[in-house]
Amino acid sequence: MNFINVVLGRRSIRKFKPDKVPRELIEKVLNLALWAPSAMNSQNWKFIILKGHKVEELRAISGVAFKEHVEPALNKVFAKYPDVIGATGKYFETLGGSPVAIAVYRGSTVEGLIPDVESVAAATQNLVLAAHFYGLGSCWMTGILPLADKINKITGENELELQAIVTLGYPDIEARAPRRKEGRVKWIGWD
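Numbering (my numbering), first residue to last: 389 to 579.
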């Protein structure tokens, strides 16, 4: 698979097969995540990989996050699309059956919040692209972040900030490509 196919083919996968993902494969994905650019080469990220009962604990927290934080927002944005709200709720309650979840943490650097967040986002982007390259599906989640303190109890991380959860596994669905929005590129000084 070439780079263009990786970028154009990656989707947020919200339904996974129950098959175990070999640790060696996850290590390959993470190795590519670690090669992301970062502000002042800070590499201010940390990935904590969960499986088994730890993913089950995360599912329970995710379901609460949906009810308390995500569903009210979806009701505003997708009021005319109750199927979207229902499908999102099901995903949050089950994490799509993913056998693996990765907690993505962010450290603080001298550059400040925006470069810190951008650096970890670049590593997370590498992670989800690498997952697709290796035949895995993933979903980058942020709606669960209001309950970071509960997630930190699962991961044992108390010094860094939780920036995302990425579910990971073999896809059990073929997600369709959402349309690209227009007006997202502006050219200046080009004749």
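Every residue, glycine too, gets a C-beta built ideally from N, C-alpha and C.
These numbers were taken from a predicted model, which means no experiment stands behind them.
Here the alpha carbon of residue 416 sits roughly 24 Å from the alpha carbon of residue 544. Residue 519 has its alpha-carbon roughly 12 Å from the corresponding atom of residue 389.
Distances from the alpha-carbon of residue 399 to those of 574, 555 and 579 put 555 closest. Contact between residue 403 and residue 560 holds: CB atoms are separated by about 5 Å, below the 8 Å threshold. In terms of Cβ geometry, residue 542 and residue 442 form a close pair [threshold 8 Å].
In the assembly as shown, residue 500 is an exposed residue. Its beta-carbon has fewer than 16 other beta-carbons within 10 Å. Of the residues 444, 553 and 514, the one whose Cα lies closest to the Cα of residue 391 is 514. Rounded to the nearest whole angstrom, the C-alpha separation of residue 524 and residue 512 is 15 Å. Looking at the DSSP output, residue 555 bridges to 489 and 527. Assignment of residue 507 by DSSP, reduced to helix, strand and coil, places it in the helix class. In this structure, DSSP gives residue 439 an extended state, which the three-state scheme calls strand. Our two residues, residue 517 and residue 490, have alpha carbons roughly 14 Å apart in a direct line.
Per DSSP, the unbroken alpha helix (DSSP H) holding residue 391 starts and ends at 391-397. Taking 8 Å as the cut-off, the Cβ atoms of residue 435 and residue 421 count as close.
As the crow flies, the alpha-carbon of residue 552 is around 13 Å from that of residue 507. Under the three-state reduction of DSSP, residue 454 is assigned to helix. A Cβ-Cβ contact shorter than 8 Å links residue 430 with residue 497. Closest by C-alpha distance to residue 473, out of 573, 412, 578 and 457, is 457.
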